[in-house]
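Note that the sequence shown ends on residue 99 in the numbering used here; no numbers are left out.
Backbone N, C-alpha and C define an ideal beta-carbon position, used for all residues, glycine too.
Please read these numbers as outputs of a predicted model, since none were measured by experiment.
Notes for the one structure printed next.
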Amino acid sequence: MELWIPLTIAAAFFQNIRSAMQKHLKGRLSTIGAAYVRFLYALPFAFIYLAGLLIFSGQELPASNVEFLVYSLLGGICQILFTVFLLWLFSFHN
């Protein structure tokens, strides 16, 4: 079996767990509060991941330009908005 198959299944499984945990948080916090918790607790892991990549690859951080920063900003805003939207949808019962 190729490696991408179990990795994809594991990614889907962990995405499902994350959504279930966010739904649980939504029951205790507001929509914005639950989204804030997700991004606040993910920030240290993002820095650790970046540091690991830089240390183990031996490469430097590439120079950024305006186009990269615009795409990053737009991607980040979309990620936050649609996370809030997903959490808002959890407030409806079906």
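Leu92 places its beta carbon less than 8 Å from that of Lys31. In the displayed model, Ser62 falls within a helix according to three-state DSSP. Excluding residues up to 5 positions away in sequence, Ile85, Thr88, Val89 and Leu92 lie with their Cβ nearer than 7 Å to the Cβ of Ala40 in the same chain.
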